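One structure is given here, and the rest of the page talks about it.
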Amino acid sequence: MSENRLAFLAEWYQVEAAIIRTFLVTYYITDQAVEVFDQRSKKTFLRRTKIPELTQRDFFVGSKINVFGRQFDIVDYADESTRNTLARYRKKGFVLLKNNMWMKHLGKFLKTLIENKININDGLMVQFTPKLVTKFLSGKQHNDVTASVLMNELLSGPAISLELIGDNVVDIMVACANYKSDNASTSIRLSPSMEQLFDIEEVRHGFYCPTREEDVAMDLKFVFEERRSIIKDCIFKNTTLAIIKPHSIKDGHLGKIVDEILSNGFKITAMRMILMARINCEEFYEVYRGILPEYIPMVAQLASGVCMCLEVFAEDPEKVSHTDFRNFCGPMDPEIAKLLRPHTLRAKFGKSKVLNAVHCTDLHDDTNLELQYMFKIID
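Residue numbering for the sequence shown follows UniProt numbering, beginning at 1 and increasing consecutively.
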């Protein structure tokens, strides 16, 4: 196989027939094109086609990609060339950010990981119960004291769970946890930005990470495949919805935007990352159909990759969270935002009316409806 292309086995769930179909998905690095072949019918589903929304970074085992509205789950490498090219460095990692840490440092934590080429592949705010935390800790290599401390920390409030993808990511996160520890024994040398972040004791001791790849797989399964029992519910009281759009995440701005939100008088009370099917994007933006000429490209953008959904509220009890956050996002057109309100999110991170960094709820009466849709209706 040519070194200029990557091949994967991918699955697509066909709702009408209630079956999982398998496809061969090939990504051509030279011209950034995608080809999809239906394994069952032995027919080409998509000829070699350039899809600007997809880049080489989107293709790895465990990722989800949207190809013209159809969501494919990449489940394996299709040949040894791709396996040898990617498997040695595209590793999965898992971290759990404790409540007392992430409420202050979530944005900086995400930003530093992304700057060091560790991608955030999935994220979820979780709420442990005594029963769930006991189940989560069972089988882990902790002494009684460490396990007891971790249990109390995870029961103290919501935690943020993250699936990471990166070169040697498990060893890197272990090195971060052991940074400045007398017992540290690792050949990993952290970058200056990582050292700066983990110089902060609250950050260094504010997260849990497994030390073995088999434990990573176990933790990812517990949180992301069984998340109905652990996901943190929305408050639905003086809160509003924020969506960090796929283009912002692909551009590496996820941590920066979260940091801006937490540094400007807002708190996050629920969080999930999701890859939305096109039909869900159409339903979510239905109110704009026939009203905004950008409706179709808005739908395409939201369906183009994972987005980060947040329930946010204004810390100042005198403020209306919906109004305050909408003002903080700024005008829909980033060019207008840059002229009139340069300190807003869209002025700082937006590119156009479609690529305007974030979605916020337009009407106050729609806040709970949009939160329900993103956190409860979409599976």
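For each residue, glycine too, the CB sits at the ideal point set by N, CA and C.
Just so we're clear, the structure is a prediction, and the values are computed from it rather than from any experiment.
Here's the rule I'm using: 16 or more other beta-carbon atoms within 10 Å means buried, otherwise exposed. How should S138 be labelled? exposed
Taking the DSSP output, what are the residues bridged to N66? By DSSP's assignment, N66 forms a beta bridge with Q71.
Is it true that the segment 310-325 meets the segment 229-240, where meeting means three or more beta-carbon pairs spaced less than 8 Å apart? yes
In angstroms, rounded to a whole number, what distance separates the CA positions of R83 and P158? 37 Å
Inter-residue spacing [alpha-carbon to alpha-carbon] between M125 and L154: 12 Å
Can at least three beta-carbon pairs, one atom from the segment 279-291 and one from the segment 331-344, be found at a separation below 8 Å? no
Paired residues, beta bridge with V95 - DSSP: Bridge partners of V95: L162.
Would you be able to state if there are at least three C-beta pairs under 8 Å between the segment 248-266 and the segment 13-27? no
If you compare alpha carbons, which of R227, R40, K91 is closest to F136? R227
Going straight from the alpha carbon of V299 to that of M194, what length do you get? Separation of V299 and M194 (C-alpha to C-alpha, rounded to the nearest whole angstrom) is 36 Å.
Beta-carbon gap between C307 and P246 smaller than 7 Å: yes
Nearest candidate by alpha-carbon position, reference P293, set L369, A270, K353, E315: K353
Alpha carbons only, please: which of C234, D219, M151 is nearest the one belonging to K131? Nearest option by C-alpha distance: M151.
Cβ-based burial, residue 407 [other Cβ within 10 Å; buried from 16]: What the structure shows of the chain is the stretch from 1 to 379, and residue 407 is not part of that stretch, so it cannot be assessed.
Please report how far the alpha carbon of R70 lies from the alpha carbon of Q14, in whole angstroms. 10 Å
Return the chain-ordered list of same chain residues with a C-beta closer than 7 Å to the C-beta of M173, the five sequence neighbours on each side being excluded. G93, V95, C209
Rounded to the nearest angstrom, how far is the Cβ of G123 from that of R272, given a contact under 8 Å? The beta-carbon distance between G123 and R272, rounded to whole angstroms, is 7 Å. This is short enough to meet the 8 Å contact definition.
Quick check: the Cα distance between M1 and D79, rounded to an integer number of angstroms? The predicted model places M1 with a pLDDT of 41, which falls under 50 and marks its position as unreliable; any figure quoted below should be read in that light. If I take the Cα positions, the gap works out to 8 Å.
The alpha helix (DSSP H) that contains F284, what's its start and end? 278-284
Nearest by alpha-carbon distance to R5: which of E53, L54, S81, W12 is it? S81
Between the C-alpha atoms of T44 and V34, what's the straight-line distance to the nearest angstrom? 12 Å
Look at E311 and T269 and say whether their C-beta atoms are less than 7 Å apart. Taking 7 Å as the cut-off, the beta carbon of E311 is found closer than this to the beta carbon of T269.
Where V216 and I120 are concerned, what is the direct C-alpha to C-alpha distance, given to the nearest angstrom? 15 Å
Distance CB(G255)-CB(G107) smaller than 7 Å: yes
N-terminal and C-terminal residue of the beta strand (DSSP E) that G252 is part of: Segment: none, G252 is in no beta strand (DSSP E) and carries neither H nor E.
If you follow the beta strand (DSSP E) that E80 is part of, which residue opens it and which one closes it? DSSP places E80 in no beta strand (DSSP E) but in the uninterrupted alpha helix (DSSP H) bounded by 80-86.
To the nearest angstrom, report how far apart S304 and K117 are at their CA atoms. Between S304 and K117, the C-alpha separation is close to 21 Å.
Residues in its own chain within less than 7 Å of L345 by CB, not counting five upstream and five downstream? I257, E260, F328, C329, G330, A357, V358
M1 in three-state terms, based on DSSP: For M1, the predicted model reports a pLDDT of 41, less than 50, meaning its position is unreliable; a value from the coordinates is still stated below. In the three-state reduction of the DSSP assignment, M1 falls in the coil class, being assigned neither a helical nor a strand state.
Can you tell me which residues form a DSSP beta bridge with I120? L164
Euclidean distance between Cα positions of I74 and D316: Across the structure, I74 and D316 are spaced so that their CA atoms are roughly 44 Å apart.
CB-CB under 6 Å to H364, same chain, minus the five flanking residues each way: which ones, in chain order? H322
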